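Offset between the sequence shown (1-based) and the working numbering: plus 284.
We put the beta carbon where it would ideally sit given N, CA and C, even for glycine.
Just so you know, these numbers come straight off a predicted model, no measurement behind them.
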Amino acid sequence: TSNDCNATEINLLFHPSLIKINNTMASSALPPLLPKVDAILVLDGDGNRLAGKYYGDFMKTPSAAATEGADAADNAAAAQSVEQLRNSFERQLQSKIGGIAAKPDAAEVVTVLGKTAVFCGGSPAGQGGGGDVRVVHVGPAGESELVLAHLAEGMYEALSHLMGGTTDRAMVLDNLELVFLLIDEHCDGGIILETDGQKLAGSVLLRDEQEPTMGHGMEGQGGGMPGQALPMQSSGGMGGLGMGMGGGDMTIGQALMQARNQIMANLNQT
Numbered sequence: 285t286s287n288d289c290n291a292t293e294i295n296l297l298f299h300p301s302l303i304k305i306n307n308t309m310a311s312s313a314l315p316p317l318l319p320k321v322d323a324i325l326v327l328d329g330d331g332n333r334l335a336g337k338y339y340g341d342f343m344k345t346p347s348a349a350a351t352e353g354a355d356a357a358d359n360a361a362a363a364q365s366v367e368q369l370r371n372s373f374e375r376q377l378q379s380k381i382g383g384i385a386a387k388p389d390a391a392e393v394v395t396v397l398g399k400t401a402v403f404c405g406g407s408p409a410g411q412g413g414g415g416d417v418r419v420v421h422v423g424p425a426g427e428s429e430l431v432l433a434h435l436a437e438g439m440y441e442a443l444s445h446l447m448g449g450t451t452d453r454a455m456v457l458d459n460l461e462l463v464f465l466l467i468d469e470h471c472d473g474g475i476i477l478e479t480d481g482q483k484l485a486g487s488v489l490l491r492d493e494q495e496p497t498m499g500h501g502m503e504g505q506g507g508g509m510p511g512q513a514l515p516m517q518s519s520g521g522m523g524g525l526g527m528g529m530g531g532g533d534m535t536i537g538q539a540l541m542q543a544r545n546q547i548m549a550n551l552n553q554t
């Protein structure tokens, strides 16, 4: 009968094997190139963190989350344990990248605690504790090294523009507010927003003009800004791709842009 046919169709529709196939098809529709960034760090020549952010659960302990009803002492101890964990990771990172000077357009790659770390900048061994800072992007072990390198090179280029063509420790410390703005324009919650160095620098300067009183609660951050004229470019994110552009014609930056645009479109539809 028709009722029996309808019941059979419904049972087939919700059969576990079909549900698994549908979930697989849905996941395969997601953008194929969406980098996962666990941390962005700006380190001096000795490996000290001048600025940076950790995303998600990376370098966090279960006790680090402030629990409801916990007193201030417990929360302070938890926060201290997280900072100690991060400092330990950064010391291990420094042990591998110390003395290596990576060119702005040729990032170097190391592996630390199962994570892939890609960095630009730095000074050769024996040059002293000052020198150029390093911009480090940390991602999962399976993340594409080329993608992470593209991200690090873009941010390093923007940092160089903002610092007046130099990336030494003193200049960065005098302009920490711009560095934190740069990180926010570059990445939000581990999701990359922009990779072009010129656009990043222009967006940071635009935000700095719009938010002159903005602060990050960091000691030693300077409100000054190096006097270098920059072409003000639109901060409208990563822009759009030309119609009909094939995957083989795209650069890494364009592929990242396409992935982000597709995710935003999916979110708007839900």
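Beta strand (DSSP E) segment containing Lys-399, residue limits
399 to 405
Pairwise C-alpha distance: Val-488 and Gly-473
18 Å
Would you call Arg-375 buried or exposed, if buried means 16 or more other Cβ atoms sit within 10 Å of its Cβ?
exposed
Pick from Cys-404, Gln-378, Leu-430: whose alpha carbon is nearest that of Ser-444?
Cys-404
Grouping DSSP H, G and I as helix and E and B as strand, with all else coil, what is Leu-327?
strand
According to DSSP, simplified to helix, strand and coil, what is Val-488?
helix
Please state whether DSSP places Val-366 in a helix, a strand or coil.
helix
Using the rule of at least 16 other Cβ atoms within 10 Å of the residue's Cβ for burial, across every protein chain shown, is Gly-426 buried or exposed?
exposed
Using C-beta distances below 6 Å, list every residue in its chain close to Ser-519, excluding the 5 sequence neighbours before and after it, in chain order.
Only weak support is given to the placement of Ser-519: the predicted model assigns it a pLDDT of 39, under 50, and the value that follows is read from those uncertain coordinates. Hits under 6 Å: Ser-487, Leu-490.
Tell me which residues share the same chain as Pro-388 and place their Cβ nearer than 8 Å to its Cβ, disregarding the 5 neighbours each side in the sequence.
Cys-404, Gly-405, Glu-437, Tyr-440, Glu-441, Ser-444
Which one or two residues does DSSP pair with His-434 in a beta bridge?
According to DSSP, which records beta bridges pairwise, His-434 is partnered with nothing at all.
Between His-421 and Glu-429, what straight-line distance do the alpha-carbon atoms span, to the nearest angstrom?
10 Å
Can you tell me where the alpha helix (DSSP H) holding Glu-469 begins and where it ends?
460 to 470
Per DSSP, Glu-392 is paired with what?
Phe-403
Would Asn-331 and Gly-382 be called neighbours here (beta carbons separated by less than 9 Å)?
This sequence places Gly at residue 331; Asn is not what is there. Yes, they are a contact pair.
Which one of Gln-364, Leu-377, Glu-478 has the shortest CA to CA distance from Leu-435?
Glu-478
Roughly how far, in whole angstroms, is the beta-carbon of Gly-398 from the beta-carbon of Lys-320, given that I think they are within contact range, below 8 Å?
Their Cβ separation, rounded to whole angstroms, is 14 Å, which puts Gly-398 and Lys-320 out of contact at 8 Å.
Residues bridged to Arg-418 [DSSP beta-bridge criterion]:
Leu-327, Gly-405
Proximal residues to Thr-451 (C-beta, below 7 Å), its chain only, five neighbours per side dropped
Gly-405, Asp-416, Val-417, Leu-443, Ser-444
Do you know offhand how far Gly-481's Cα is from Asn-459's?
17 Å
Ignore the nearest five residues each way along the sequence and tell me which others in Cys-471's own chain have a CB closer than 7 Å to its CB.
Val-321, Ile-324, Leu-477
Going by CA-CA distance only, name the one from Thr-395, Met-343, Val-394, Ala-385 that's closest to Ser-372.
Met-343
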